[in-house]
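2 protein chains.
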Amino acid sequence: MLADMRILVVDDERTLARSIQRGLVAEGFAVDLEHDGTAGYERARWGDYDAIVLDIMLPGRNGYDVVTALRAEDVWTPVLLLSAKDGEHDVADGLDVGADDYLTKPFSFVVLVARIRAMVRRPATPRPAVLAVGALELDPSTRQVRAGGLAVDLTVRELALLEYLMRHHERVVGKVELLDHVWDGEGEDVNVVEQYVGYVRRKVGRAAIVTVRGAGYRAVG
Amino acid sequence: MLADMRILVVDDERTLARSIQRGLVAEGFAVDLEHDGTAGYERARWGDYDAIVLDIMLPGRNGYDVVTALRAEDVWTPVLLLSAKDGEHDVADGLDVGADDYLTKPFSFVVLVARIRAMVRRPATPRPAVLAVGALELDPSTRQVRAGGLAVDLTVRELALLEYLMRHHERVVGKVELLDHVWDGEGEDVNVVEQYVGYVRRKVGRAAIVTVRGAGYRAVG
DNA sequence: GCGATCTCTCAGCGTTTCCTCAGCCGGCGG
DNA sequence: CCGCCGGCTGAGGAAACGCTGAGAGATCGC
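Line by line, the protein sequences give chains V and A. Residue numbers for the first sequence follow our numbering, so the first one is 1 and each next one is one higher. Residue numbers for the second sequence follow our numbering, so the first one is 1001 and each next one is one higher.
Structure below.
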């Protein structure tokens, strides 16, 4: 079952990288090492791996960057991020950006293996290039938005807001959550969110975003 | 964000359990203690916790056993296992059986807290998407409720009440218990509960919630 | 430097929601 | 038969919630 599972490990702490490699090899994986972001990215892009273990803090380009770039290049190899800190935002951001899982250092080796196995087992869900919810379409790469076929112009904030709502349209998204992810500020007033929901509604149509009183908003197109 | 995070700690080493409790309380969690597997299981099953810290070696039933039983009962509260030995296999077994994370004793308290936070944050274990009791369906993520197929609109309080009743539909739920869990207030009047049961009944149908005189309510759909 | 654009704060408004109060109903025990 | 207790519900005021117009800084291009 593990025959021919190829894993790329990108971490600049060479001792740690080595020991991860040794451990994974003992588990039957074929493991390649890389020690900086740029090289890691190139290798991940062409290397045909089954999984990538990626440190966030890296020389060259950081982990988020590498994942974003890979996903933009249509490389959907499962990525497990290694994070030195355990602040909430970096983890959430990593997952947002297209990583599949994460671990906080220091981590247990057994857990690492379990996570990798789970990740590989689980069918990779390539994110579609453009988001579509009902009559709404949003292409993150070109920043173009169409509502019911016709193009609308959104400012940066408006777009970020709509994109987040569309990425999570299957559930109700709370205002504080939006504040966290779209405004990445802490002590702000949720009224900004309301104001911007208003702006977006005026541009894409009132019905595209429904208010769920006491809970938040939901994109329905 | 930590407001109202309830944690159950099950460990037969009372000194250790106490000190974990003290530490977690200082971190802003509400913590209950239990010292053997059987009691721990019962409490975990009914207690509506946000996370469970569970020793593997326990009198009564062991940790694996408890997790397995909980998962079988459809309780998906995140579980962190505490293992005394650090052979790898027992840990892997624990994760296989449905635990979310584990720590080997002795562990650092900071790590424990970080793991708990991570566990609670991430929807690791698949919680079944919708609750269903008789003709009632409730989807917590979209906050949608259907009674006999047709959608009904509930306010925040009404929804919380119905959700609690549905999550515990196999037994009668007392008014004071509802006051505790749905209103998280102390010295309130149970009349609020009666009032809201009335509201919900009007919306989802009179028969969905039966009154058990002198005892409380029960969701039957 | 100056206007245009964008972002965010503030205050006010109408509406919904929440909770309290008080009266009502109905079963049950005396 | 009557009174009591537990449960139910209509009414209404207070508070919370969500939306929006106005406008002040900030930023950017010209």
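Every residue, glycine too, gets a C-beta built ideally from N, C-alpha and C.
Hey, out of V:Leu178, V:Asn191, V:Ala69 and V:Thr38, whose CA is closest to Gly60 (chain V)'s CA?
-> Start at 1 with the first residue of the first sequence, and residue 60 (chain V) comes out as number 60. Comparing Cα-Cα distances from Gly60 (chain V) to each of V:Leu178, V:Asn191, V:Ala69 and V:Thr38, the minimum goes to V:Thr38.
Check the Cβ of Val1156 (chain A) against every Cβ in chain V and list those closer than 8 Å, keeping chain order.
-> Numbered from 1 along the second sequence, position 156 holds the residue referred to as residue 1156 (chain A). Under the 8 Å cutoff, chain V gives Arg213, Gly214 and Ala215.
Could you tell me whether any Cβ in chain A is nearer than 9 Å to the Cβ of Pro59 (chain V)?
-> One-based indexing of the first sequence puts residue 59 (chain V) at position 59. So no, Pro59 (chain V) is outside the interface.
What are the start and end residues of the beta strand (DSSP E) that includes Ile116 (chain V)?
-> In the first sequence, residue 116 (chain V) corresponds to position 116, counting from 1. Run containing Ile116 (chain V): none in the beta strand (DSSP E); it sits in the alpha helix (DSSP H), Phe109 to Arg121.
Mind checking if Tyr1102 (chain A) is an interface residue toward chain V, Cβ cutoff 9 Å exclusive?
-> Position 102 of the second sequence holds residue 1102 (chain A). Output row for Tyr1102 (chain A): interface = yes.
State the Cα-Cα distance for the pair Arg1014 (chain A) and Gln1021 (chain A), rounded to the nearest angstrom.
-> Residue mapping note: residue 1014 (chain A) aligns to position 14 of the second sequence, counting from 1. Residue mapping note: residue 1021 (chain A) aligns to position 21 of the second sequence, counting from 1. Distance between the alpha carbons of Arg1014 (chain A) and Gln1021 (chain A): 10 Å.
If we count the other Cβ atoms within 10 Å of its Cβ and call it buried at 16 or more, is Thr77 (chain V) buried or exposed?
-> Taking the first sequence and counting its residues from 1, the one referred to as residue 77 (chain V) is at position 77. Buried, because 16 or more other Cβ atoms sit within 10 Å of the Cβ of Thr77 (chain V).
Measuring only between beta-carbons, confirm whether Glu170 (chain V) sits less than 9 Å from chain A.
-> Sequence index remark: in the first sequence, residue 170 (chain V) carries index 170 (1-based). Closer than 9 Å: yes.
Per-residue DSSP class, three states only, for Arg157 (chain V) = On the first sequence, residue 157 (chain V) is found 157 positions in, with the first residue counted as 1. In the structure shown, Arg157 (chain V) sits in a helix (DSSP, three-state: H, G or I).
Can you find at least 3 beta carbon pairs, one from the stretch 194–210 of chain V and one from the stretch 139–147 of chain V, that sit closer than 8 Å?
-> yes
With Arg998 (chain A) as the anchor, note down where its beta strand (DSSP E) starts and where it stops.
-> In the structure as shown, chain A starts at 1001 and stops at 1221, and residue 998 (chain A) therefore has no counterpart that could be examined.
When burial is assigned at 16 or more other CB atoms within 10 Å of the CB, is Gly28 (chain V) buried or exposed?
-> What you label residue 28 (chain V) is simply residue 28 of the first sequence in a count that begins at 1. Label assigned to Gly28 (chain V): exposed.
Those residues which DSSP pairs with Arg1146 (chain A) across a bridge | Position 146 of the second sequence, counting from 1, holds the residue named residue 1146 (chain A). Partner(s): A:Glu1137 and A:Ala1151.
Can you give the beta carbon distance from Arg1006 (chain A) to Ala1030 (chain A), rounded, assuming they're within the 8 Å contact cut?
-> The residue labelled residue 1006 (chain A) in the question sits at position 6 within the second sequence. The residue labelled residue 1030 (chain A) in the question sits at position 30 within the second sequence. So it is a contact: roughly 5 Å between Cβ atoms.
Tell me where the beta strand (DSSP E) around Tyr1217 (chain A) begins and ends.
-> Here residue 1217 (chain A) corresponds to residue number 217 of the second sequence, with the count starting at 1. Gly1216 to Ala1219 is the extent of the beta strand (DSSP E) around Tyr1217 (chain A).
Cβ neighbour criterion (16 or more within 10 Å) applied to Arg121 (chain V) | The residue given as residue 121 (chain V) occupies position 121 in the first sequence. Classification of Arg121 (chain V): exposed, given that the 10 Å Cβ count is below 16.
DSSP bridge partner residues for Leu165 (chain V) (one or two, in chain order) = As a position in the first sequence, residue 165 (chain V) is number 165, starting the count at 1. Beta-bridge pairing links Leu165 (chain V) to no other residue.
Own chain residues within Cβ distance below 7 Å of Asp55 (chain V), not counting five before or after | Taking the first sequence and counting its residues from 1, the one referred to as residue 55 (chain V) is at position 55. Closer than 7 Å at Cβ, skipping near neighbours: Val10, Asp11, Asp12, Gly63 and Leu82.
Does any residue of chain V bring its CB to less than 9 Å from the CB of Ala1114 (chain A)?
-> The residue labelled residue 1114 (chain A) in the question sits at position 114 within the second sequence. For Ala1114 (chain A), the answer is yes, since a Cβ of chain V falls inside 9 Å of its Cβ.
Distance between beta carbons of Val79 (chain V) and Ile52 (chain V), contact taken as under 8 Å | Here residue 52 (chain V) corresponds to residue number 52 of the first sequence, with the count starting at 1. Here residue 79 (chain V) corresponds to residue number 79 of the first sequence, with the count starting at 1. Correct: roughly 5 Å between the Cβ atoms.
Whose Cβ in chain V lies nearer than 7 Å to the Cβ of Arg1143 (chain A)?
-> Translated into the one-based positions of the second sequence, residue 1143 (chain A) becomes position 143. Simply Val172, Val212 and Ala215.
Tell me, please, whether the CB atom of Ser19 (chain V) is closer than 9 Å to any CB atom in chain A?
-> Along the first sequence, one-based indexing puts residue 19 (chain V) at 19. Not an interface residue.
Quick one: what does DSSP say Ile209 (chain V) is sitting in, helix, strand or coil?
-> Numbered from its first residue, the first sequence carries residue 209 (chain V) at position 209. Looking at Ile209 (chain V) - three-state DSSP - the assignment turns out to be strand.
Taking only beta-carbon positions, decide if Val1111 (chain A) is within less than 9 Å of chain V.
-> Position 111 of the second sequence holds residue 1111 (chain A). Closer than 9 Å: yes.
With DSSP as the reference, label Tyr1102 (chain A) as helix, strand or coil.
-> Start at 1 with the first residue of the second sequence, and residue 1102 (chain A) comes out as number 102. Residue state, collapsed to three classes: strand.
Is it true that the CB of His1168 (chain A) sits closer than 9 Å to the CB of Ala1135 (chain A)?
-> Looking up residue 1135 (chain A) in the second sequence gives position 135. Looking up residue 1168 (chain A) in the second sequence gives position 168. Taking 9 Å as the Cβ cut-off, Ala1135 (chain A) and His1168 (chain A) do not qualify as a contacting pair.
Integer Cβ distance of Gly1174 (chain A) from Ala1215 (chain A), believed to fall under 8 Å = Locating residue 1174 (chain A) in the second sequence gives position 174, counting from the first residue. Locating residue 1215 (chain A) in the second sequence gives position 215, counting from the first residue. Their Cβ separation, rounded to whole angstroms, is 6 Å, which keeps Gly1174 (chain A) and Ala1215 (chain A) in contact under 8 Å.
Using three-state DSSP, classify Val192 (chain V) as helix, strand or coil.
-> Residue numbering aside, residue 192 (chain V) sits at position 192 when the first sequence is read from its first letter. It is helical.
Flag Pro140 (chain V) as yes if its beta-carbon sits less than 9 Å from any beta-carbon of chain A, otherwise no.
-> One-based indexing of the first sequence puts residue 140 (chain V) at position 140. No, Pro140 (chain V) does not count as interfacial toward chain A.
Determine the burial state of Glu1188 (chain A): buried for a count of at least 16 other Cβ atoms within 10 Å of its Cβ, exposed for fewer.
-> Along the second sequence, read from residue 1 onward, the residue named residue 1188 (chain A) stands at position 188. Exposed, because fewer than 16 other Cβ atoms sit within 10 Å of the Cβ of Glu1188 (chain A).
Minimum C-alpha distance to Gly1065 (chain A) - residue among A:Trp1183, A:Asp1180 and A:Ala1099 | Indexing the second sequence from 1 puts residue 1065 (chain A) at position 65. It should be noted that the sequence gives Asp, not Gly, for residue 1065 (chain A). When each option's Cα is compared against that of Asp1065 (chain A), the closest is A:Ala1099.
Counting only the same chain and skipping the five closest in sequence on each side, list residues whose C-beta sits under 6 Å from that of Leu16 (chain V).
-> As a position in the first sequence, residue 16 (chain V) is number 16, starting the count at 1. No residues qualify anywhere along the chain.
DSSP-derived helix/strand/coil call for Glu177 (chain V) | Numbered from its first residue, the first sequence carries residue 177 (chain V) at position 177. Of the three classes helix, strand and coil, the one that applies to Glu177 (chain V) here is helix, per DSSP.
Work out the CA separation of Met1119 (chain A) and Tyr1041 (chain A) for me, nearest whole Å.
-> Residue mapping note: residue 1041 (chain A) aligns to position 41 of the second sequence, counting from 1. Residue mapping note: residue 1119 (chain A) aligns to position 119 of the second sequence, counting from 1. Straight-line Cα distance between these residues: approximately 19 Å.
Return no unless some Cβ of chain A is closer than 9 Å to the Cβ of Pro106 (chain V).
-> As a working mapping, residue 106 (chain V) is identified with position 106 in the first sequence. Yes, Pro106 (chain V) lies at the interface with chain A (some Cβ there is under 9 Å from its Cβ).
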